[in-house]
Structures are given as C-alpha cells and as structure tokens.
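One structure is given below, encoded as structure tokens.
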Amino acid sequence: MTDEKKIILINRILIFASILLVIIGVWRGEVGVVLNKAVKVCMQCMGIG
Amino acid sequence: MKKERFFHKYRHWIQAAWFALTNGYLRGYTSGKIYTGNTKVLCFPGLNCYSCPGALGACPIGSLQAVFGSNTYRVSLYVFGVISLFGAVMGRLVCGFLCPFGLVQDLLYKIPFGPKRKNLPNHKILSKLRYVILILFVVLLSSLVKDVTGMAAPWFCEWICPSGALFAGIPLVILNPGFRTAIGFHFWWKLAILLILLFLSVVYYRPFCKYLCPLGALYGVFNPVSTFRIKVDQTKCVKCGGCQRACGMDIRTFETPNSTECIRCLNCVSACPTGALDTTWHIAGKDFADRYLAKSDETLANPEVVRTVILGCAMVFSSLFTLLLHLRSSVYANFIYFMTNVYPASYSPIVMGMNFAKVTVTVLVLINGISLILQCKKADAVRSSAQSMKILQVIYLLLCVGMIIAIVLNPPIIGVWLNNILTSPFPLLGMPFITLTLSRLDKIVHGEKKAGIGFAILFVFTILVSLLIPLFPILLGYALASAGLTGSGAVQ
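So the sequence lines, in the order shown, correspond to chains A and B. Heads up, the first sequence is in my numbering, so the first residue is 27 and it goes up one at a time. Heads up, the second sequence is in my numbering, so the first residue is -10 and it goes up one at a time.
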C-alpha cells in the first residue's frame, strides 16, 4: 500500500470514528450540557466570572 | 482563474462572510443579550465565543471544557467527535478560512505600521506552548479542579481566551449596564492579554494561532491526514523557497506541505512560480468526479453501472433512514427513563436483543450499499451483493421467529409493536421488503423490467407510508379540532 493510500485509509477511519463519537455523545445526552452552557452568558469567557 | 488562487484572493471575504453567517443574531448587538435558540447545541469550527451577542452556535473549546467540567460526564465524546470531524476533513483550513479571531489577526497584520516579522524570538520553543495550554488548561485543570458542587471552571476561557474578551466581554460590557458593575480583576487580566495579542498581531503574523491556540493545536494534529491537503509536484518544484517566503507561518511548504503549523491560507499555492503546489480533497472532489461522472467525450454511461449506483444509493438511504428512526426511538426511551426512572413499556431483554439484531442487519445493508456504489464498475459486485442480501433475509426470518417468541412470553407487546408500526413502519415493514427485493439485484441491474418496477414501487410506497403515517394522528387531530369535535385539552 502506498503512503498516499495509507493516508486516505487513516483519514476515512478518522472520519468514521468521529461520526461514531458524535452519535454516541448525542445518545449519552452531552448535547444538553453544551446547550445549557451555550445559552447562558458565560461570565468566565467574558472575564467577569 | 485557478481555484486555489480564487480562494486565496477572496479568503478574507470568505472569513468575513462566515463570521457574519455564524454571528447573525442582530438583536443581540442592540439588546446586549445572547441568542438562546437550539442551534447553540452545534459546535462551530472556529474559536467563536458562544457568549458573543450574535453567536448562533457554540465554541468547540468552550463546549469541551463545559462537558469536562460538568458533574455528569468525564469525557466529551460529542465535542471531541465534532472537533476531530472538522479536523479530519479540513485540518487547519478552519484556521485559515473559518476562524473569526484569525480574521482579526489577519487584518491587523495588514496595517502598514512598523517592520513586519513572522516569528517571535525563540519561535520553536514558544510554538509548543499551545500544546501545553491544550493539555493543562483545557483538559487537566478544566476536568480535575472541581468545586464543592462537582463542577469545574473553563480555565482556558477564564484566564487566556482573547476571542471571548473581544467578541463577548467587551460588547456585552458596553451594551449591558448590569455587567459593568461586575467588572473585576479577571476582566482587566483578559483585556491585557487581548491588547498585547492585538498589538503583537500588527507586527507578527498570527501570534495567537502560532503560540497559544489550543484549537489550532488540535486541528494541527489532523493536518497530515486530513481530507483537504496540499500536495507538491516534485517534477515541477525547483526548491526556490518562494512558498516559504510567502508563508506567514514560515513553513518550508515544498518539504512539509501538510505541517501541523500550516493554517492552509493558500499563500504558498498562489505564490509558487512553477505551479508545483496544488490542493486536493482526495475522493471528494476530482477523484469522485473521475470515478462517477461521465467525461465530456462520453456520450452515454453504462446503464448497468448507473442502475447499480442507484440501487446502492437506495440501500444506503433506506438503511440510514432506519438507523435514524432507531436512534430516535432510543433517545425517546432514554428520555422517558431519565425523566421517570422507569423503562418504557416496550423494554424487555428479548426486545433489546431483537433491536440489536435489526440494527446489525441495517448496518450490513448500509455497508452493502456503500460497497455496491464503490464497486459499481465491477462485474461481480452485483452478484456478491445479492448473495449477502439473501443471508440478510435469513436473519430477518430469525427475527420473525424472535417476535413470535416475544409475543408468546409477553402478549401485551403486540400493542407496543402495533403502535410502532403506526408511528415508524419503515424499520418493521419497509426494510424486510426492500431486502427481499434487493436480493433480486442481478435481475434488476440486468434490465429485467418487472423486477425493477416492483422494486421502485415498493421503495416509493414504503418511504411515503413511513413519512405519512406518523402525520395521520396530527392531521386527524387538527381536522377534529377545526370541526369543533374535540373536548377541552385537545389539539389547540
């Protein structure tokens, strides 16, 4: 297998694994934590927390 | 104009357009309040503070720390998945084209003031600092240093992030009098960091991206293996060093075109005098077109190949559809359990086992569909796929036996399944039928009209039924409500 093909293979595995991680993360309910944090003003981000 | 030169020429406009698109909540800029809609669940690729008054999405680094620091989860699979997906597809192209703070630094560097330099002294050592910040501030401190409630502060946001100070802190403090009273040491500390970085950006190219950005450090790791890549044609390259001179990050592109430092601004590609540098998206672009699209001199594609690709697409679509419905059901079941601590009525080990088998079959259909598309030109692709479909039929048969056993053991389950058929019939009805029909793939592909028409009718029918049946109760409710036939508490 050439280097180029190895890179393509690694890339495809990474993309697949990332999608899998996102699906598992959504299934575990992590998005709720993200949404909860993102819809409130983050005092620490602003520098007054 | 070569596409790379086009993107290079309009890069700042693309950055500005992306900033406008992802920070388009205009009311926030007048009211001093932030957007609270559902799109905030999505992580946008760049370092875009979610407390920016206009932000429509979430910052990936902020979200990563939020989940690390929560008392519910130790690791954030969702956010890390999103970051690695962006990284695997684009690498640091995000830094070059989609990061708002990168745009600010780019514009400051254009100010014709003083000498222009690329790197700070001790560049090599300082460039490792962003990895230290990533590990120490984003991962360790934000997940380990917890307060009495079990929550941890977002250390990077709190002590370093200049994007938060610029896009969230300053606008909100100006617009909202309530925040002005809360200003303290933290604010002045972050303002000082921001001002130092902004002044440095006038002289040095992107100091924050080079030395401090943890998101760039993460994306950089993906640069050598990302889908988007810069490639060097060694037969054309004369090693003149023109690419390095044009590169703000000071990379020897002709030696390491996909360095972890490269932000893919495409200066090098545009500056190369011999055209030795080029970009590629691998299969997504040119390779994909070469494989599937007809050339201009080709009059007609092989109809068997076309039919094979269409069948492959149908299999991919139907299996993804089924998987999504299963995902919806599992999210629903988990939600019920989360709210009530009671499993839904349909829960039983045998049902779980059958669901697992059904999802496995669906994934196999998905894999078969993808392999059919990828091998559309091979003569034996259809035959081998048809054989595996016959195996899937056997599994479906076993599932039917499992259903009968489940009904004997637990008769009320019939009601639950009938309800399932009414609300999402596709997994239960559509997939076995489609699998049955697809086992005749070879006949369909070789132009047997009856098989082809039968498949098309069945496919369209199951999709329509799947989409329409869940709407029936709603439509019925509205029809009854509009006729004044509902009691109190019915559809309003």
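For every residue, glycine included, the Cβ atom is placed at its ideal position computed from N, Cα and C.
List, in chain order, every chain A residue whose beta-carbon is nearer than 9 Å to that of A55 (chain B). V59, V60, N62, K63, A64, C68
From B:A445, B:D222, B:L201, pick the residue whose C-alpha is nearest to that of H112 (chain B); which is it? B:L201
Compare the Cα-Cα distances from N247 (chain B) to each of B:L53, B:L66, B:S65, B:R81 and report the closest residue. B:R81
Look up Y120 (chain B) in the DSSP assignment and say whether it is helix, strand or coil. helix
For the beta strand (DSSP E) that K220 (chain B) lies in, which residues bound it at each end? 218 to 221
For C71 (chain A), which residues of its own chain have a beta-carbon under 8 Å away from its beta-carbon, when the five flanking residues on both sides are left out? none
Look at S131 (chain B) and Q54 (chain B) and say whether their C-beta atoms are less than 8 Å apart. yes
Sub-8 Å separation of T269 (chain B) and K220 (chain B) beta-carbons: yes
Run the proximity test for T351 (chain B): is its beta-carbon closer than 7 Å to any non-hydrogen atom belonging to the ligand FMN? Among the ligands in the structure shown, none appear at all, so the ligand FMN cannot be discussed.
Helix or strand or just coil, what does DSSP make of C32 (chain B)? strand
DSSP puts L266 (chain B) in a beta bridge; with which residues? B:V221
Suppose the cutoff is 7 Å on Cβ atoms and the five residues either side in sequence are ignored; what does the same chain contact list for P196 (chain B) look like? L109, L186, L189, S190
Touching or not, the region 157 to 167 of chain B and the region 31 to 47 of chain B, by the rule of three or more beta carbon pairs under 8 Å? yes
Taking beta-carbon pairs under 7 Å, can you tell me which members of the region 35 to 54 of chain B lie near chain A? C38, Y39, S40, A47, G51, S52
Within 10 angstroms of the Cβ of C389 (chain B), are there 16 or more other Cβ atoms? Answer buried if so, exposed if not. exposed
Can you list, in chain order, the stretches of the alpha helix (DSSP H) that have 4 or more residues and sit fully within the region 76 to 103 of chain B? 82 to 86, 89 to 98
Residues in the same chain with beta-carbon distance under 7 Å from F102 (chain B), minus the five sequence neighbours each way, listed in chain order, please. V191
Residue(s) in a DSSP beta bridge with K367 (chain B): Looking at the DSSP assignment, K367 (chain B) forms no beta bridge with any residue, so it has no partner.
Out of B:V30, B:F57, B:D95, B:A157, which has the shortest C-alpha to C-alpha gap to G21 (chain B)? B:A157
Residues that W178 (chain B) contacts on chain A, provided the C-beta gap is smaller than 9 Å: G73
Give me whichever residues DSSP pairs with R106 (chain B) in a beta bridge. B:Y193
In the DSSP assignment, find the alpha helix (DSSP H) that holds P49 (chain B) and state where it starts and stops. 49 to 58
Using beta carbons (cut-off 8 Å, strictly below), is A157 (chain B) in contact with chain A? yes
For V350 (chain B) and G76 (chain B), the rounded distance between their alpha carbons: 31 Å
List the residues of chain A that L161 (chain B) touches, going by C-beta distances under 8 Å, in chain order. V67, M72
Run of the alpha helix (DSSP H) containing P213 (chain B), from where it starts to where it stops: No alpha helix (DSSP H) holds P213 (chain B); DSSP gives it neither H nor E.
Label I393 (chain B) either buried or exposed according to how many other C-beta atoms from any shown protein chain fall within 10 Å of its C-beta, with 16 as the threshold for buried. exposed
Over the uninterrupted alpha helix (DSSP H) stretch that includes S44 (chain A), give me the two end residues. 29 to 54
Proximity winner among B:L36, B:C32, B:V56, relative to A47 (chain B) (alpha-carbon distances): B:C32
What is the DSSP secondary structure of K135 (chain B), reduced to helix, strand or coil? strand
A44 (chain B) - DSSP class collapsed to helix/strand/coil: coil
Do you know how far the Cα of S59 (chain B) is from the Cα of I74 (chain A)? 20 Å
Taking all protein chains shown into account, do 16 or more other C-beta atoms lie within 10 angstroms of the C-beta of I122 (chain B), making it buried, or fewer, making it exposed? buried
Spatial distance of T288 (chain B) from L363 (chain B) (CA atoms): The predicted position of T288 (chain B) is uncertain, since its pLDDT is 48 and thus under 50; a value taken from the coordinates is nonetheless stated next. For T288 (chain B) and L363 (chain B), the distance between alpha carbons rounds to 22 Å.
Between V134 (chain B) and V68 (chain B), what straight-line distance do the alpha-carbon atoms span, to the nearest angstrom? 20 Å
What residues from the region 221 to 242 of chain B come within 7 Å of chain A, judged by C-beta to C-beta, listed N to C? none
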